[in-house]
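In the numbering used here, the protein residues as written are -6 to 712.
To start, the structure itself, in C-alpha cells.
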C-alpha cells in the first residue's frame, strides 16, 4: 500500500512538472512561436508572389489555419494568468511551435517548380520627350490611376500619336510603384487573332513551352486566367481595329476586386464602345505652338538659321501638316537638309488639298524611302504626283529610271524622246488637260510593263507611233472619256490590262474585232451601249478572251446577256466582276459559268431582279450535266441601289470562302439571303454588312438558327 502511494506521488509530480513547464516556458515559447510564424509568413508571401500557375494549396492552407489559431492564443500581447487557462494556452503554444517549425523545415521554398513572372514592365525604345503631348499624357495617366482599376480606350486618326502615348504610359508604369505585378504590351493590328494575342501574353507570363504549344485556344485561355486572376496586372493593347474579347483570350475583366487595368488604342470610337468604354479619350492633332516646336526639333537649328527667310517659310510648311505628328516628323526630317529658300517655297507650293491626301503623301514619302533601299537608289523611282506640273520634269539620268508617276497634274503635252531601257511602270492618269502625247516619247521604252493613261478626258487618241514599240510588255493600259479611237491597240501584242470604262465612243463590232487580237489580255473594263450591244458583248466569248480575270460593264442597255453552254468556258479565269448603271439587265445568270469568281459588285441597275435566275439557270445548263453550284470561291459580294432585286439565289449556299456580304443601300425587295446556319463555316468568318437599319429589320432568315448566327455579327457599313 505504501509502495502504491509512493508511485502515485512520483507520477503526479512528473505530471505536475510537465504542466508547470508549459506554464513556466509560456512567455519564451510564445515569443519563439511569434518569431517562427513571422519567418514562415515571409516565406509564404515570397512563394505567393512567385507561383504563377496553380495555388500552393498544401502548406499555404495549413499556414492560414496556424495563423488563425495563434491569433486566438495571443491577442494584444496578453495571455491569461489563470493557472488552468495558462496551462491550456501553454500546452497549445508548445504544440503549435513544434508544428510551425516542422512546417517550415518541410517546405522546399528555395525551388518552386511553377513558372515565375518576368520583369514587371518590359522596357521599350522611346523618345525621351513627347513634344506637345505632355498634357495629354498627364491626363491619361491621372485617369488610369484615379479609380485603381479601369478599362480605357484612346482613339484618333492614324499618325496622331496614339502608339507614342501608350508607349509613354508603359514607361510611367516602370517609373511609378502602382502596386502592379506585371505590365503586358500587345500589338494587335487589323488581324486581331486570339491565338496570337494569347501567345504574346504567355511570353510575358512565362507560360510558353512544349506543353503550351500543344494546347488549343480554350486551354490557353484557362492557363492565362489562372495566372492573372491572382495578380494585379496592366494590359496595353496597341492598334485594335475591332473588339478584342478578353474572355476568349483569358484576361480577367478589370474590377475593383482585382485592381487591374486594360488600356488600348484604336482609330475608331465605335471600337471603344464595343470594348465597353463609354467615355473614351480622343487623341487629337497638336496645337499650333506644339506642332511648331516638334517641326523645329525635326528640321534642326542649323537648317533654320541657314537663311533669314527660312524660319517663316518653315512655319508655313508646318501649318500644312495641320498638327499631325506623323506628318510633322516625316516632313520635318525630309526638310532637315533643305537649306535654300527655293526648296522651301517649292514645298509650300505643293497642292495639299485634303487631309487624306496629306496622309497619303506622308505614307508615300516613307514608302519611297524604303523601296529605294533606304534612299540609296532614289534615282530609280520618280514620283511627282499631284504637284501641279505643266511639263514632264527634267531627269538627270533617264537610263536609271524604273518607275515614274506623273499622275494628277496639269500636263497638256508630253513631248521628247527619252531613252529609258529599264522603265517598267509609267503612270500618267488623271491629267485632264492632256491633249497630246508624242509617239516618240514611248519609242525607247522597250521594257514598259505598266502604262496608265486613264481618266485623261481631253486625250482623244493613242499616239500613232506607240505601236512601233514592238518589244513592249505593256500590261496595264487605260483610256477614258472621249478616248474612243482603238485603232492600233491590237499591235500592243503583250497587253494584259485594258481599261476603257466611261469612254464616250461606244464599243462597236469593229472595235470588238480589234480587241479580240489581244491574245494575252487579262483585265478588261468596258462600257457596252448603243444599238449593237448584244454583238458587242460577244467579244467576251471570243477564244482570245479566255484569260480575262476582271471585267467591268457599265451603262449596258441590254436586257439580257446571252451565254450558250458551248461558250461557257470563256469565263473560267474570271475572278472579278463590277457591273454598274446597267438599267436593262434583269439577271446575271451567266455568272454560273465563272467558277473562279472571287469578287462581285453590282450597283445602280434599276431592273435587276435576280443575280442567278432559277428559270434561266435551268434553260442554259445541260439536263444531263451535274448541277452547277455557284460562288464556291466568292470572297466578297457587294450590292447597292438595286430597287427591284429580289433574290441572289433561290436556295441556301455553302459560301465556303465568302467573308463579306454587303447590302449597302436601296435594295428594299431583297428580303431573303441565300444563307443557312451552315453557310460560311468552312474556316472563313462570314459577316453580313448593311447600310440601312430598316433593311436589316426586314430580312427573312431561313430559320431561327440562321438568324441567331448571323444577326449577332451583322455590322453597319457607316458606323
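C-beta: ideal position from N, C-alpha, C; glycine also.
Note that the structure is a prediction, hence the values are computed from the model and not measured.
### Query
CB-CB under 7 Å to residue 645, same chain, minus the five flanking residues each way: which ones, in chain order?
Residue 645 sits at position 652 when you count from the first residue of the chain shown. Contacts found: 667, 668, 669, 672, 695.
### Query
Would you call the CB atoms of residue 568 and residue 591 closer than 7 Å?
Position 575 of the chain shown, counted from the first residue, corresponds to residue 568. Position 598 of the chain shown, counted from the first residue, corresponds to residue 591. Going by C-beta atoms, residue 568 is nearer than 7 Å to residue 591.
### Query
According to the Cβ coordinates, are residue 639 and residue 609 closer than 7 Å?
Mapped onto the chain shown, residue 639 falls at position 646. Mapped onto the chain shown, residue 609 falls at position 616. Not closer than 7 Å, so no.
#### Entry: Own chain partners of residue 597 with C-beta closer than 6 Å, once the 5 adjacent residues on each side are dropped
As a first step, residue 597 must be located in the chain shown, where it is residue number 604. Once the five neighbours on either side are set aside, the close Cβ partners of residue 597 are 573, 574, 634.
### Task
Take the Cβ of residue 690 as the centre, count every other Cβ of all protein chains shown within 10 Å, and call the residue buried at 16 or more, exposed below.
As a first step, residue 690 must be located in the chain shown, where it is residue number 697. Answer is exposed; the Cβ neighbour count stays below 16.
#### Entry: Rounded straight-line distance, which links the Cα of residue 628 to that of residue 281
Translated into positions along the chain shown, residue 281 becomes position 288. Translated into positions along the chain shown, residue 628 becomes position 635. Whole-angstrom Cα-Cα distance: 45 Å.
### Query
At which residues does the beta strand (DSSP E) containing residue 150 begin and terminate?
Here the question's residue 150 lines up with position 157 in the chain shown. It is not in any beta strand (DSSP E) - residue 150 carries neither H nor E in the DSSP assignment.
### Task
Below 7 Å CB to CB, which residues in the same chain sit around residue 708 once its five sequence neighbours on both sides are set aside?
Numbered from its first residue, the chain shown carries residue 708 at position 715. Same-chain partners within the cutoff: 680, 682.
### Task
Would you kindly work out how many angstroms separate the C-alpha atoms of residue 664 and residue 544, rounded to a whole number?
For this step, residue 664 is matched to residue 671 along the chain shown. For this step, residue 544 is matched to residue 551 along the chain shown. Cα to Cα, the separation comes out at about 28 Å.
### Query
Whole-angstrom Cβ separation of residue 274 and residue 257, contact assumed at under 8 Å?
What you label residue 274 is simply residue 281 of the chain shown in a count that begins at 1. What you label residue 257 is simply residue 264 of the chain shown in a count that begins at 1. Not confirmed; about 11 Å, so no contact.
### Member of 373, 380, 381, 404 whose CA lies at the smallest distance from the CA of residue 390
For the purposes of this step, residue 390 is identified with residue 397 of the chain shown, where counting begins at 1. It is 373.
### Message
For residue 166 and residue 263, I'd like the C-alpha separation in whole angstroms.
### Response
Locating residue 166 in the chain shown gives position 173, counting from the first residue. Locating residue 263 in the chain shown gives position 270, counting from the first residue. Those two C-alpha atoms are separated by around 28 Å.
### Task
Would you check if there are 3 or more beta carbon pairs closer than 8 Å linking the segment 401 to 411 to the segment 428 to 445?
yes
### Message
According to DSSP, is residue 335 part of a helix, a strand, or is it coil?
### Response
In the chain shown, counting from the first residue as 1, residue 335 sits at position 342. Helix at residue 335.
### Query
Should the segment 168 to 179 be regarded as contacting the segment 199 to 211, the criterion being three or more beta carbon pairs within less than 8 Å?
no
### Message
Is the separation between the beta-carbon of residue 270 and that of residue 230 shorter than 7 Å?
### Response
Here residue 270 refers to the residue found at position 277 of the chain shown. Here residue 230 refers to the residue found at position 237 of the chain shown. It is not a contact, given that the beta carbons lie outside the stated cut-off.
### Residue burial classification, residue 794 (beta-carbon count within 10 angstroms, cutoff 16)
One cannot answer for residue 794 here, as it falls past the ends of the chain, which runs -6 to 712.
### Message
So residue 125 and residue 260 are supposed to be a Cβ contact under 8 Å. How far apart are they, rounded?
### Response
To locate residue 125, count along the chain shown from 1; it is residue 132. To locate residue 260, count along the chain shown from 1; it is residue 267. Not quite, the Cβ-Cβ distance comes to about 20 Å (not below 8 Å), so this is no contact.
### Task
Tell me, please, which residues DSSP counts as bridged to residue 715.
In the structure as shown, the chain starts at -6 and stops at 712, and residue 715 therefore has no counterpart that could be examined.
### Message
Using only CA atoms, which one of 436, 688, 625, 654 lies nearest to residue 584?
### Response
To locate residue 584, count along the chain shown from 1; it is residue 591. With distances taken between Cα atoms, residue 584 lies closest to 625.
### Query
For residue 399, which of 449, 340, 437 has the nearest alpha-carbon?
As a first step, residue 399 is located in the chain shown; it is residue number 406 there, counting from the start. The shortest C-alpha separation from residue 399 is found at 449.
### Task
Report buried or exposed for residue 686, applying the criterion of at least 16 other Cβ atoms within 10 angstroms of its Cβ.
Start at 1 with the first residue of the chain shown, and residue 686 comes out as number 693. By the 10 Å Cβ count, residue 686 comes out exposed.
### Task
Let me know the secondary structure DSSP gives residue 291 once reduced to three states.
Translated into positions along the chain shown, residue 291 becomes position 298. In the structure shown, residue 291 sits in a helix (DSSP, three-state: H, G or I).
### Query
Does the beta-carbon of residue 248 have 16 or more other beta-carbons within 10 angstroms, so that it is buried, or is it exposed?
Walking along the chain shown from the start, residue 248 turns up at place 255. Exposed, since its Cβ has fewer than 16 Cβ neighbours within 10 Å.
### Message
Does residue 254 come out as helix, strand or coil in the three-state DSSP assignment?
### Response
Indexing the chain shown from 1 puts residue 254 at position 261. The answer is strand: DSSP assigns residue 254 an E or B state.
### Message
Beta-carbon within less than 7 Å of residue 710's beta-carbon, same chain only, minus the 5 sequence neighbours each way: which residues are those?
### Response
Translated into positions along the chain shown, residue 710 becomes position 717. Closer than 7 Å at Cβ, skipping near neighbours: 655, 657, 682, 683, 684.
#### Entry: Limits of the beta strand (DSSP E) - the one that residue 397 falls within
The count along the chain shown starts at 1 and reaches residue 397 at position 404. Residue 397 -> beta strand (DSSP E) spans 396 to 398.
### Query
When the Cα atoms are used, what is the spatial distance from residue 239 to residue 149?
Working through the chain shown from its first residue, we reach residue 239 at position 246. Working through the chain shown from its first residue, we reach residue 149 at position 156. Taking the straight line from one Cα to the other gives about 22 Å.
### Query
Can you list, in chain order, the residues of its chain whose CB lies under 7 Å from that of residue 224, leaving out five sequence neighbours each side?
If you number the chain shown from 1, residue 224 lands on position 231. Answer for residue 224: 174, 175, listed in chain order.
### Message
Rounded to whole angstroms, what is the Cα-Cα separation between residue 228 and residue 579?
### Response
Numbered from its first residue, the chain shown carries residue 228 at position 235. Numbered from its first residue, the chain shown carries residue 579 at position 586. Between residue 228 and residue 579, the C-alpha separation is close to 54 Å.
### Query
Tell me which same chain residues have a C-beta within less than 8 Å of the C-beta of residue 322, skipping the five on either side of it?
The count along the chain shown starts at 1 and reaches residue 322 at position 329. Contacts found: 287, 291.
### Query
With 16 other CB atoms within 10 Å as the buried threshold, where does residue 612 fall?
The count along the chain shown starts at 1 and reaches residue 612 at position 619. With fewer than 16 Cβ atoms within 10 Å of its Cβ, residue 612 is classed as exposed.
#### Entry: For residue 188, the three-state DSSP class (helix, strand or coil)
As a first step, residue 188 must be located in the chain shown, where it is residue number 195. Three-state result, residue 188: helix.
### Query
Among all the DSSP beta bridges, which residues are the ones paired with residue 448?
Translated into positions along the chain shown, residue 448 becomes position 455. Answer by DSSP bridge pairing: none, since residue 448 is not bridged.
### Task
Would you kindly work out how many angstroms separate the C-alpha atoms of residue 541 and residue 587, rounded to a whole number?
The sequence position of residue 541 within the chain shown is 548, counting from 1. The sequence position of residue 587 within the chain shown is 594, counting from 1. Going from the Cα of residue 541 to the Cα of residue 587 covers about 11 Å.
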